[in-house]
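Just below is one structure, and these are the notes that go with it.
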Amino acid sequence: MMKYRVIVNGVSFYTTSAAIKRGVGDFVGVNTAVRMVYKKMQNAIEIGCTGLATSITVYDDRMQSTRYDVQISKV
48 MMKYRVIVNG
58 VSFYTTSAAI
68 KRGVGDFVGV
78 NTAVRMVYKK
88 MQNAIEIGCT
98 GLATSITVYD
108 DRMQSTRYDV
118 QISKV
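Residues 48 to 122, numbered by my numbering, are exactly what the sequence shown covers, in order.
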């Protein structure tokens, strides 16, 4: 099972692909951002990358934006 180190807005934790798919946090925005970067990470692994970092902006039902800086790397 592949383990990943995830950093969201400066907070880091270790997780697995199964946990990312289930959700890694209590907030929908965090889960959405991590899942989006994880999906991009899967494509990056195919070409030999071991990590990926990007910023994701998520909007709630009132169109309030929240920006997440997400980094995922293989452990």
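We put the beta carbon where it would ideally sit given N, CA and C, even for glycine.
query, result
"Bridge-paired residues (DSSP) for A100", "Q118"
"I94 burial status per 10 Å Cβ neighbour count (16 or more: buried)", "exposed"
"Nearest-angstrom beta carbon gap, V77 and Y115 [assumed within contact, 8 Å]", "7 Å"
"Extent of the continuous beta strand (DSSP E) run through V58", "58 to 63"
"C-beta atoms of Y61 and S120 nearer than 8 Å", "no"
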